[in-house]
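Reading through the structure tokens given below for one structure.
Residue numbers (our numbering): 3 to 597.
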């Protein structure tokens, strides 16, 4: 029957056909949204009414085949979409110090999530995840550019690959118009996928756990309470869950009620942890002084820095301190080898009435007979070095050693990579101060070891009452690095229910109480001073101290359940049958069926 007059409705044709005709594939019914998504994109809930997976189901802003309408509008160009992904991935960096927009962390990922949601194919979703990961790594670690130069781009490209599977996960769970069950799954599984990325890149060889999203909440009391329950990992999960629910609020009207309920659940969970999680019990105070010589440059800077540290330490006499802490590499290799150095340090200890925890980067021989350059924390008393020494175990890639030097040694020619590999210690050490300091037990960490949650937890389990980190960030003095590094002390203190001191050569030096609260006034990057901190001691253990990294195992379980469900769906899904015969058409046109 021929239609006379009138016009075809404005909008998409049901099978994606042109005005003149549909393809043979569409005519056979494989590509229509009226009867189901394509075999590639169909899931158990992938109908056009409910919205299927990221590949299947039509919804707001989705094309007829169930995939995102990324090919229209401003982001139709792959270059424009790539630039948007790069920028969206970089946004969370603003939540970290020094910008310190901690509140922004709870919505910073929403643009990235929404972008991946509109990906028109799994390949595009993975690419959006990868490019966004590159943006995140460069933004959070941009202060490394003067040291690594163009090499940081290569590192970011390699690490960014970790976000490619996450992009697929986001597309699968947030694409289309998610049902209530899929929205709940998204708020659980999308954060779990992100946590796996944080876990993998926390390996020392990949740079260590710097820039974990949960670390952006270091000055938020409720978040520190969460950290005492599940460490920085649980805080990251919470931040990601809020971002995912917020993305659902924005993206899909049908999912707004579910998303709102999920946000309330997150808030109630934090309130429950605040009310019922064990709290450390105060048991008195200890006085610990930090000596920060400040920036000392030019010829003879090592000797002049030692002199400045000695001068500042003398000013502490009569102030009743129990321990004096110097920063990382506070004593040069040459100075440590001279007997005069030990004599001067012992005299300082007698004058102040407290032991000194100094740090030296020098050639030594450890108990197993290994000789080489060790970065060591050494305790010095009135009679000289006490014999208590901790050799740094986790070294900074490229800064203190070059991974696979035979292959990557060329990095020393384009940046400030280590010319000679340092040697690493083989065990953590808890040092006991003399009875004059009430037998205080301290657990030393060196430099970026304060970023590893497991190291401070191990020290506390071994009896450390105070965690002490010695650091030097003078290479990155005018960047975000000093503030980011100092902030980690708050998380380590809250996780373990023990106070922590972060002592540096050039700032920022700071101290935190057993709940992660700041104690006293930090020494900024412009200070050359000695500061005394009255740290509250505590007893008792936190849930994180008892249970360890349980949120990581929970995230693994959530991902395993998702894989099992998807596997069962794939087994139950009927195999596509052979295509039917092409429909008869008038004049050979698939767009005009015959009578």
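We put the beta carbon where it would ideally sit given N, CA and C, even for glycine.
Three-state secondary structure assigned by DSSP to residue 224: helix
Burial state of residue 367 (16 or more Cβ within 10 Å): Exposed, because fewer than 16 other Cβ atoms sit within 10 Å of the Cβ of residue 367.
Contacts around residue 318, its chain only, beta-carbon distance under 6 Å, and the 5 residues preceding and following it disregarded: 291, 354, 532
Same chain, Cβ closer than 6 Å to residue 127, five either side skipped, listed in chain order: 118, 121, 169, 170, 173
The region 293-303 / the region 263-274 touching (three or more Cβ pairs under 8 Å): They do not touch, by the three-pair rule.
Proximal residues to residue 279 (C-beta, below 8 Å), its chain only, five neighbours per side dropped: Correct list, in chain order: 227, 230, 231, 544, 545.
Bridge partner(s) assigned by DSSP for residue 378: Residue 378 is bridged to 362, 393.
Rounded C-alpha distance that separates residue 598 from residue 220: One cannot answer for residue 598 here, as it falls past the ends of the chain, which runs 3 to 597.
Residues near residue 242 by beta carbon distance below 6 Å, same chain, minus five either side: 193, 196
Span separating the alpha-carbon of residue 283 from that of residue 517: 10 Å
Euclidean distance between Cα positions of residue 305 and residue 346: 13 Å
Cβ-based neighbour list, residue 256, same chain, cut-off 7 Å, excluding 5 preceding and 5 following: Cβ within range, chain order: 179.
Classification of residue 449 by the beta-carbon crowding that lies within 10 angstroms, buried from 16 upward: buried
Member of 372, 514, 202, 184 whose CA lies at the smallest distance from the CA of residue 492: 514
Cβ shell of residue 564 (< 6 Å), same chain only, five flanking positions each side left out: 191
Contact under 8 Å by Cβ, residue 332 with residue 507: yes
The region 307-317 contacting the region 552-570, beta-carbon criterion three pairs below 8 Å: no
Given residue 86 as reference, the closest of 211, 272, 114, 427 once Cα atoms are compared: 114
Per-residue burial, residue 342 [other beta carbons within 10 Å of its own, 16 or more giving buried]: Burial check for residue 342: the Cβ neighbour count within 10 Å stays below 16, so the residue is exposed.
Straight-line Cα distance separating residue 473 from residue 238: 25 Å
Rounded separation between residue 456 and residue 137 - CA only: 28 Å
Assigned secondary structure, residue 233 (DSSP; H/G/I helix, E/B strand, else coil): Under the three-state reduction of DSSP, residue 233 is assigned to helix.
Residue 456 - DSSP class collapsed to helix/strand/coil: helix
Assigned secondary structure, residue 205 (DSSP; H/G/I helix, E/B strand, else coil): coil
Extent of the continuous beta strand (DSSP E) to which residue 533 belongs: 531-541
Buried versus exposed call for residue 152 [16 or more other C-beta atoms within 10 Å across all chains shown]: Around the C-beta of residue 152, fewer than 16 other C-beta atoms lie within 10 Å, and the residue is accordingly described as exposed.
Residue 160: first and last residue of the uninterrupted alpha helix (DSSP H) it sits in: 153-162
Distance CB(residue 534)-CB(residue 289) smaller than 8 Å: In this structure, residue 289 lies closer than 8 Å to residue 534 by Cβ.
Rounded distance between the beta-carbons of residue 142 and residue 213, thought under 8 Å: 4 Å
Close beta carbons around residue 307, own chain, < 6 Å, minus the five adjacent residues each side: 295, 298
Same chain only: Cβ atoms within 6 Å of residue 445, ignoring 5 sequence neighbours per side: Cβ within range, chain order: 432, 461, 466, 469.
Sequence-distant residues of the same chain with beta carbon closer than 7 Å to residue 222, five excluded per side: 104
Best match in 189, 529, 181, 235 for proximity to residue 204 [C-alpha to C-alpha]: 235
Any non-hydrogen atom of the ligand GTP within 7 Å of residue 544 CB: The model on display carries no ligand, and the ligand GTP is accordingly not part of it.
Beta-carbon proximity list for residue 496, same chain, < 7 Å, skipping 5 on both sides: 226, 229, 230, 517, 518
Beta-bridge partners of residue 328, as assigned by DSSP: 293
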